[in-house]
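Presented below is the structure to which this report refers.
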Amino acid sequence: MSSYADALREVSAAREEVPGRRGYPGYMYTDLATIYERAGPIEGRKGSITQIPILTMPNDDITHPTPDLTGYITEGRFTLIDSSTIGRVPLLYANYAIGKDVQAMKAVVSEKHSLLRTWELMTPNIFQSLDLAWTLLRIFPRELLHRIPAKTLDTFSAEMG
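In numbering that gives the first Met the number 0, the protein residues as written are 0 to 160.
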């Protein structure tokens with residue numbers, strides 16, 4: 000969708016149309032809404048579905064026109080996470096769970112960041128460094144440490160709890 004919006008901006012500039020915010024045409028909202036709201040019937044069922052497009056956020060800028068307008072257009076539209084869909088859309092819940100795991104890991108990393116920065120200023124020996132590494136690894140469930148050989152994990156399992 001971001002590529003579409005960028006192409007729309009280029010075409011608009013080539014036509015010498017009056018630019019809107021950040022050079023995007025003023026009718027971009029209408030164009031995006033038209034695309035996002037294209038629906039199709041579901042054979043044998045009532046109602047219809049709306050496509051779920053892929054959108055990138057340039058430089059993580061939530062004020063960028065494309066993600067900003069997309070938010071206004073699609074706000075409240077995706078309501079698959081409710082009791083009526085439990086068991087019918089397991090992939091959605093799996094992705095939600097993975098996202099929650101990533102958020103938890105991000106919190107751990109940012110919490111430990113200051114400890115590691117302090118550690119960098121010191122001159123630890125190899126044993127101190129390994130102790131710190133295992134202290135950090137103990138935070139994670141063993142099944143997430145699949146890149147560490149099982150034999151190594153077994154050696155330190157008593158310490159890992």
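The C-beta atom is built at its ideal place from N, Cα and C for all residues, glycine as well. These numbers come from a predicted model, not from an experiment.
With a threshold of 16 other beta carbon atoms within 10 Å, residue 11 meets it and is buried. Residue 141 sits close to residue 152, with the two beta carbons spaced by under 8 Å. With respect to the 8 Å criterion, residue 73 and residue 1 are not classified as neighbours on the basis of their beta carbons. Judged by DSSP in its simplified three-state form, residue 64 adopts helix.
Remark: C-beta atoms of residue 65 and residue 4 approach each other more closely than 8 Å.
In chain order, 8 and 64 place their CB closer than 6 Å to the CB of residue 23, counting only its own chain and leaving out the 5 sequence neighbours on each side.
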